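Colleague:
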Amino acid sequence: MSAMPILNATPPIAPLTGVAAELQGLIDEQYALHVGNADGVLADYIPELAKVPPDQFAIAMATYQGQIFSAGDTGVEFTIQSVSKVFTFAMLLEIAGRAETYRAVNVQPSADPFNAILLDPKNNRPFNPMVNAGAIAVAGRLRQDLGKSAFDEVLKTFERAAGRKLEVDDAVFQSERDTGHRNRAIGHLLRAVDVFDVPVDEVLDLYFRQCSIKVTAIDLAVMGATLANLGTNPLTADDVFHLDATRDTLSIMFTCGMYDGAGDWSINVGLPAKSGVGGGIMGVVNRQAGIGVFSPRLDENGNSVRGKFSCMGLAEQIGLHAFDPTNPGSTYLRRLTAPRR
Ligand code: GLU
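Counting from 1, one number per residue, gives the positions in the sequence shown under the numbering used here.
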């Protein structure tokens with residue numbers, strides 16, 4: 001792992017021309033199309049999240065070569081919540097290796113709610129790392145392997161993926177720590193079946209803290225672009241994740257990343273993605289770009305309403321669906337720059 005050069009991710013200032021202007025135009029168009037949609041509700045089971053101004057909306061895209069296009073409230077920070085699960089899972093794959101990781105957590109989609117207090121009866125392991133039980137198992141293993149510096153390592157890794165310094169929202173962290181009884185129950189269940197052997201409170205502390213890291217839509221786009229760019233942050237050239245960890249992570253995002261909306265998402269958007277109850281969605285156009293969207297009102301599956309529709313619109317307009325051979329996405333984004341050698 002190389003040292004982390006921190007850059008501030010800011011949209012380009014020079015006037016855009018050609019394909020860059022077209023892309024910016026499509027993002028502006030999606031923003032305008034969906035900004036008036038007030039459907040959905042704020043997550044209020046974490047009391048502090050119920051206080052977030054509901055009308056905020058931002059869309060960002062970062063390419064594998066570090067160009068950033070964005071619209072709306074791109075400077076607004078929100079808590080990363082479940083999008084964090086993607087990066088802690090990738091960390092565990094790197095730190096513990098594949099075999100150990102898959103001894104702690106399975107990789108099957110689950111038809112149960114994200115916060116179900118339930119393990120796979122086959123082997124007493126969480127169904128996958130994108131539901132709370134799986135992410136708490138991952139946090140437990142990270143805490144076990146990294147000791148008391150686990151959160152510092154998590155924060156450092158998130159910063160390297162985003163290319164800038166990040167901070168925790170202490171109010172959200174406290175709020176979740178005070179009210180996260182379901183997650184605590186899951187932690188005790190995992191401890192009872194020996195997924196980890198460190199104190200449950202310390203594991204939950206790590207999990208609640210990782211969920212409370214503040215990011216912007218641009219940060220999510222850059223973090224997604226880091227995964228799209230084979231684990232290397234396109235702004236800083238920092239090799240954050242190895243290829244194997246990146247590949248497994250993207251695969252699980254594709255099948256399990258969007259709560260109970262994962263199936264609809266896979267046919268309508270067709271991108272590996274992860275959403276969080278803070279209203280963020282991170283999408284990955286493999287080898288091309290990352291997408292970050294933020295809008296806090298959530299649909300019945302817990303996915304940001306305007307985030308979902310703007311990702312659908314962008315996927316449609318730019319042609320991003322991973323399995324649609326008639327879509328121009330992979331060539332569209334490459335027209336921005338000389339082809340990759
Ligand atoms: N911190 C949240 C929880 O555990 C994350 C849930 C989410 O974003 O899906 O309930």
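Note that CB positions come from ideal geometry on N, CA and C, so glycine has one too.
As the structure is a computational prediction, the values presented were derived from the model and not from experiment.
#1: Say yes only if the C-beta of Glu48 is nearer than 7 angstroms to one or more non-hydrogen atoms of ligand 1, and no if none qualify.
#2: List the endpoints of the continuous beta strand (DSSP E) containing Phe294.
#3: For Arg103, write down the residues that DSSP places opposite it in a beta bridge.
#4: Taking 8 angstroms as the threshold, find out whether the segment 133–144 comes into contact with the segment 266–275 through three or more Cβ pairs.
#5: Let me make sure I understand the geometry here. Which of Leu16, Glu29, Thr17, Pro15 has the alpha-carbon closest to that of Ile318?
#6: If you reduce the DSSP assignment to three classes, tell me which class Met258 lands in.
#7: Suppose contacts are defined by Cβ-Cβ distances below 8 angstroms. Is Gly231 in contact with Ala245 by that definition?
#8: Span of the alpha helix (DSSP H) holding Gly283?
#9: Taking the CB atoms as reference points, tell me whether Arg184 and Leu204 lie closer together than 8 angstroms.
#10: Kindly provide the ranges of any alpha helix (DSSP H) runs that are 4 or more residues long and lie completely inside the segment 69–115, ordered along the chain.
#11: Please classify Phe87: is it buried, with 16 or more other beta-carbons within 10 angstroms of its beta-carbon, or exposed?
#12: Might you give, ordered along the chain, the residues of its own chain that have their beta carbon closer than 6 angstroms to the beta carbon of His34, omitting 5 neighbours on each side?
#13: Put Val41 into one of helix, strand or coil per three-state DSSP.
#14: Can you tell me the Cα-Cα spacing of Lys148 and Gly280, whole angstroms?
#15: Does Asp342 come out as helix, strand or coil in the three-state DSSP assignment?
#16: Report buried or exposed for Asn128, applying the criterion of at least 16 other Cβ atoms within 10 angstroms of its Cβ.
#17: Kindly identify the DSSP beta-bridge partner or partners of Val215.
#18: Spatial neighbours of Ser295 within its chain, please: C-beta separation below 6 angstroms, excluding the five flanking residues on both sides.
#19: Is Val86 close to ligand 1? I mean its beta-carbon at under 7 angstroms from any heavy atom of the ligand.
#20: Is the segment 151–158 in contact with the segment 172–187, if contact means three or more CB pairs nearer than 8 angstroms?
#21: Please state whether the Cβ-Cβ distance between Asn286 and Ala228 is less than 8 angstroms.
#22: Check Val168 in the structure and name its three-state DSSP category.
#23: Please list the terminal residues of the continuous beta strand (DSSP E) segment that includes Met312.
#24: Just mark Met98 as buried or exposed, buried being the case when its beta carbon has 16 or more other beta carbons within 10 Å.
#25: If you draw a straight line from the C-alpha of Leu190 to the C-alpha of Tyr31, how long is it?
#26: Any idea what DSSP makes of Asn268, helix, strand or coil?
Modeller: Let me spell this out:
#1: Relative to the non-hydrogen atoms of ligand 1, the Cβ of Glu48 never comes closer than 7 angstroms to any of them.
#2: Unbroken beta strand (DSSP E) run through Phe294: 289–294.
#3: Residue pairing by DSSP places Arg103 opposite no residue, since no beta bridge is assigned to it.
#4: Contact fails: fewer than three Cβ-Cβ distances are below 8 angstroms.
#5: Just measuring C-alpha positions, the residue of Leu16, Glu29, Thr17, Pro15 sitting nearest Ile318 is Glu29.
#6: Coil, per DSSP.
#7: Yes. Within cutoff.
#8: Run containing Gly283: none in the alpha helix (DSSP H); it sits in the beta strand (DSSP E), 280–285.
#9: Yes, the pair counts as a contact, with Cβ atoms nearer than the cut-off.
#10: For the segment 69–115, whole alpha helix (DSSP H) runs of length 4 or above, ordered along the chain, are 84–96, 98–104.
#11: Phe87 counts as buried, since at least 16 other C-beta atoms from the protein chains shown sit within 10 angstroms of its C-beta.
#12: Closer than 6 angstroms at the Cβ level, and outside the excluded window around His34, lie Arg306, Phe309, Ser310.
#13: Reduced to three states, the DSSP call for Val41 is strand.
#14: CA-to-CA, the gap between Lys148 and Gly280 works out to about 28 angstroms.
#15: Summary: the structure shown does not reach residue 342, with the chain confined to residues 1 through 341, and so no result is reported for it.
#16: Classification of Asn128: buried, given that the 10 Å Cβ count is 16 or more.
#17: Bridge partners of Val215: Phe78.
#18: The residues are Phe57, Gly279, Ser304, Arg306, Gly307.
#19: For ligand 1, no non-hydrogen atom lies closer than 7 angstroms to the CB of Val86.
#20: These segments do not touch.
#21: Contact: yes.
#22: Taken through DSSP and simplified to helix, strand or coil, Val168 comes out as strand.
#23: It is not in any beta strand (DSSP E) - Met312 instead sits in the alpha helix (DSSP H) that spans 305–314.
#24: The residue you asked about is not Met; residue 98 is Arg in the sequence shown. Looking at its Cβ environment, which holds fewer than 16 other Cβ atoms inside 10 Å, Arg98 is exposed.
#25: So the two alpha carbons sit approximately 42 angstroms from each other.
#26: Reduced to three states, the DSSP call for Asn268 is helix.
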